[in-house]
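Peer 1:
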Amino acid sequence: MIGYVTLGSNDLPRASAFYDALLGEMGAKRLMDFGRFILWGTGMTSPGVAVCKPFNDDAATNGNGMMVALACATREDVDRLYAKAIALGATDEGKPGERGPHFYAGYFRDLDGNKLNFFKAG
5 MIGYVTLGSN DLPRASAFYD ALLGEMGAKR LMDFGRFILW GTGMTSPGVA
55 VCKPFNDDAA TNGNGMMVAL ACATREDVDR LYAKAIALGA TDEGKPGERG
105 PHFYAGYFRD LDGNKLNFFK AG
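If you count by my numbering, then the sequence shown holds residues 5 to 126, one letter each, in order.
Written out as structure tokens, the structure is:
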């Protein structure tokens, strides 16, 4: 159902370097790059993550309660990718661990303050 999620950035070169390194660990690559909008994914028929400079040229802000959740194949992938995000300068919003029955996740904020997580369900 979800095609892609877009996150705003006030520093697109910094954000794109962060996501090149982080999402590359998941096998994603840049599928589109229009200068103000960059989309990463594993293919055009799979969900992706995009970063953009807002179209109206106002400052990008992050929404309270808004979050992007990225599915992982294993708990080890959650741990590894969360650690990679932190190493790339992300801030901790909840270290990887059990969040309920059959749900393991680690939460972080990217360089622009957008909240994301890596999770393994099941």
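Virtual Cβ for every residue (Gly too), placed ideally from N, Cα, C.
#1: Please report how far the alpha carbon of residue 126 lies from the alpha carbon of residue 79, in whole angstroms.
#2: Determine contact between the stretch 111-121 and the stretch 58-78, defined as no fewer than three beta-carbon pairs at a distance below 8 Å.
#3: Would a C-beta distance cut-off of 8 Å place residue 26 and residue 35 closer than the cut-off?
#4: If you draw a straight line from the C-alpha of residue 11 to the C-alpha of residue 66, how long is it?
#5: Considering only their Cβ atoms, is the gap separating residue 92 from residue 19 smaller than 8 Å?
#6: Answer with buried or exposed for residue 75, where buried requires no fewer than 16 other C-beta atoms within 10 angstroms of its C-beta.
#7: Taking a contact to mean a Cβ-Cβ separation below 8 Å, would you say residue 51 touches residue 8 in this structure?
#8: CB-CB under 7 Å to residue 63, same chain, minus the five flanking residues each way: which ones, in chain order?
#9: Is DSSP giving residue 85 helix, strand or coil here?
#10: Mapping the DSSP letters down to three states, classify residue 3 as helix, strand or coil.
#11: Any chance you could list the beta strand (DSSP E) runs of at least 3 consecutive residues sitting entirely within the stretch 50-95, in chain order?
Peer 2: On the basis of the coordinates in this document:
#1: Working through the sequence shown from its first residue, we reach residue 126 at position 122. Working through the sequence shown from its first residue, we reach residue 79 at position 75. So the two alpha carbons sit approximately 10 Å from each other.
#2: yes
#3: To locate residue 26, count along the sequence shown from 1; it is residue 22. To locate residue 35, count along the sequence shown from 1; it is residue 31. Their beta carbons are not under 8 Å apart, which means residue 26 does not touch residue 35 by this criterion.
#4: Here residue 11 refers to the residue found at position 7 when the sequence shown is read from its first residue. Here residue 66 refers to the residue found at position 62 when the sequence shown is read from its first residue. Looking at the two C-alpha atoms, the distance is approximately 8 Å.
#5: Here residue 19 refers to the residue found at position 15 of the sequence shown. Here residue 92 refers to the residue found at position 88 of the sequence shown. No, Cβ-Cβ distance for residue 19 and residue 92 is not below 8 Å.
#6: In the sequence shown, counting from the first residue as 1, residue 75 sits at position 71. Looking at its Cβ environment, which holds fewer than 16 other Cβ atoms inside 10 Å, residue 75 is exposed.
#7: Indexing the sequence shown from 1 puts residue 51 at position 47. Indexing the sequence shown from 1 puts residue 8 at position 4. A contact, by the Cβ cut-off of 8 Å.
#8: For the purposes of this step, residue 63 is taken as residue 59 along the sequence shown, with counting starting at 1. Excluding positions up to five away in sequence, the list reads 14.
#9: Stepping through the sequence shown from its first residue, residue 85 is reached at position 81. DSSP places residue 85 in helix when its eight states are reduced to three.
#10: With the chain represented from 5 up to 126, any question about residue 3 goes unanswered, as that position is not in the structure.
#11: Runs of the beta strand (DSSP E) inside the stretch 50-95: 52-56, 72-75.
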